[in-house]
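Since the structure comes first, as C-alpha cells, the remarks are kept for the end.
In our numbering, the protein residues as written are 565 to 652.
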C-alpha cells in the first residue's frame, strides 16, 4: 500500500500482482494537518478517509502495466515537509 501526494492531490493505492486500486482526495491545503486513514481488501476495494470522513472508494481494481514510482514520492508520516523544524 502506498500513500503519496501529487501536487495538491492525495493518492492512496494498493496493488496485488498487476491489479491496482486507487483512492484520491483533491482538496489538500498547504500547512494544514490531516488525519488520514486507508482501508483495503481485495473484496471491498480501497477506501480513503480524511479527518474521519470517507472521501473516496474504489471497489473495482484496474490492470497496471507500469511501476508506480516517481521521484516526487517523498512524504513523511508525522512530520512536516520542512523536516520538523519550525521558524525556518
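Built from N, CA and C at the ideal position, the CB exists for glycine as well.
Just so you know, these numbers come straight off a predicted model, no measurement behind them.
N-terminal and C-terminal residue of the beta strand (DSSP E) that residue 577 is part of
Per DSSP, residue 577 is one residue of the beta strand (DSSP E) stretching across 573 to 580.
Can you give the beta carbon distance from residue 585 to residue 625, rounded, assuming they're within the 8 Å contact cut?
Residue 585 to residue 625, Cβ: 5 Å. Contact.
Around the Cβ of residue 610, are there at least 16 other Cβ atoms within 10 angstroms (buried) or fewer (exposed)?
Buried is the call here.
Give every residue of the same chain whose Cβ lies closer than 7 Å to the Cβ of residue 590, excluding the five residues on either side of it in the sequence, and list them in chain order.
572, 573
Return helix, strand or coil for residue 599, following the three-state DSSP convention.
Of the three classes helix, strand and coil, the one that applies to residue 599 here is coil, per DSSP.
List the endpoints of the continuous beta strand (DSSP E) containing residue 584.
583 to 589
Beta-carbon within less than 8 Å of residue 618's beta-carbon, same chain only, minus the 5 sequence neighbours each way: which residues are those?
611, 612
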